[in-house]
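*Asks:*
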Amino acid sequence: MAKTIVMDHPLIQHKIGIIRRKDTSSKEFREMISEVAMLMCYEATRDLPLEPVEIETPISRMTARQLAGKKMAVVPILRAGLGMVEGMLAMIPAAKVGHIGLYRDPATLEPVEYYCKLPSDIASREVFVTDPMLATGGSATAAITMLKQKGAKKLHFMCIIAAPEGVKRMQEEHPDVDLFIGALDDRLNDHGYIVPGLGDAGDRIFGTK
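For the sequence shown, my numbering begins at 58 and goes up steadily by one.
Written out as structure tokens, the structure is:
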């Protein structure tokens, strides 16, 4: 059964409070997004499988533990998801990085793929999909569906701010995917923005607001 975990670590909550402020600069916003992702990665990887390995310390031989299998892949949903990659790689520098690009069709309002590049061994990796915001859940559920179609089996989704509507949709459409959430907000407004939220994460990361 997949987990839905809302982070309660004081450092995560403190930094989320900073990125919510409308007067936080793009530079500080990017830095805080990366730091929150790094802290969330520490929590989200708690249950990764380990395997024994024989090593030699300067004193003696011993059995240590290392991550089992093909390790990890980080797959940001473009473009805002890119802001979380650096923090993830600071914790797991050996992880491979894929990219998924989606846009919303103005007529149907459904997500449409425009870019997808994944590690060739995606099926054997623990895959962490990143997007700072989980609002309606449209892009997130579409990205997870795409990854499953391309062979990914061990999937986790990480977001910094989530709305209950998006969480519900993810749980209904992908009940096998773990959700790691920095903060669970109140609702979506009439324009599909998370309330109280932090505005458009992509615009604030890249300074295009």
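Yeah, the Cβ is synthetic: ideal placement off N, Cα and C, and Gly gets one too. Quick caveat: nothing in here was measured; it's all calculated off a predicted structure.
1. Considering only the alpha carbon of each residue, which of V224, I157, G254 and N246 lies closest to I62?
2. Thinking L107 and A125 are a contact (beta carbons under 8 Å), I'd like their distance in whole angstroms, please.
3. Give a yes or no on contact between the region 80–90 and the region 99–115, applying the rule of three or more CB pairs nearer than 8 Å.
4. Under 8 Å by Cβ, that's how I've got I149 and A200 pegged, so tell me the actual separation to the nearest angstrom.
5. May I ask you to list the residues that DSSP assigns as paired with L212?
6. What do you reckon, are the CB atoms on P253 and D188 nearer than 9 Å?
7. Quick check on H248: does DSSP put it in helix, strand or coil?
8. By DSSP, does V224 sit in helix, in strand, or in coil?
9. Exposed or buried, what is L236 when buried is set at 16 or more other beta-carbons lying within 10 Å of its beta-carbon?
10. Would you grab the beta carbon distance between G239 and E222 for me? Rounded to a whole angstrom, and I think it's under 8 Å.
11. Pick out whichever of L68, H66, A59 and R77 has its Cα sitting closest to the Cα of I218.
12. Can you give me the Cβ contacts of G249 inside the same chain, cut-off strictly under 8 Å, excluding the 5 residues immediately before and after it?
13. Can you tell me whether E167 is helix, strand or coil according to DSSP?
14. Express the C-alpha separation of S117 and Q70 in angstroms, rounding to a whole number.
15. Excluding sequence positions up to five away, which residues of its chain have a Cβ less than 8 Å from the Cβ of L135?
*Replies:* The short version:
1. Counting from 1 along the sequence shown, the entry for residue 62 is found at position 5. The shortest C-alpha separation from I62 is found at V224.
2. Translated into positions along the sequence shown, residue 107 becomes position 50. Translated into positions along the sequence shown, residue 125 becomes position 68. With 8 Å as the limit, L107 and A125 qualify as a contact, their Cβ atoms being about 6 Å apart.
3. no
4. As a first step, residue 149 must be located in the sequence shown, where it is residue number 92. As a first step, residue 200 must be located in the sequence shown, where it is residue number 143. About 20 Å; that fails the 8 Å criterion.
5. On the sequence shown, position 155 is the one that residue 212 refers to. Paired residue(s): V184.
6. Position 196 of the sequence shown, counting from 1, holds the residue named residue 253. Position 131 of the sequence shown, counting from 1, holds the residue named residue 188. Contact: no.
7. Position 191 of the sequence shown, counting from 1, holds the residue named residue 248. Reduced to three states, the DSSP call for H248 is coil.
8. Working through the sequence shown from its first residue, we reach residue 224 at position 167. Here V224 sits in helix by DSSP.
9. Walking along the sequence shown from the start, residue 236 turns up at place 179. It counts as buried.
10. As a first step, residue 239 must be located in the sequence shown, where it is residue number 182. As a first step, residue 222 must be located in the sequence shown, where it is residue number 165. No, G239 and E222 are not in contact; Cβ-Cβ is about 17 Å, not under 8 Å.
11. Along the sequence shown, read from residue 1 onward, the residue named residue 218 stands at position 161. It is R77.
12. Against the sequence shown, residue 249 aligns to sequence position 192. Taken in chain order, the residues that qualify are A192 and T193.
13. Counting from one through the sequence shown, the residue named residue 167 turns up at place 110. The answer is coil: DSSP assigns E167 none of H, G, I, E or B.
14. The sequence position of residue 70 within the sequence shown is 13, counting from 1. The sequence position of residue 117 within the sequence shown is 60, counting from 1. Cα to Cα, Q70 sits roughly 42 Å from S117.
15. Numbered from its first residue, the sequence shown carries residue 135 at position 78. Excluding sequence neighbours, L135 sits near H156, I157, G158, L159 and Y172.
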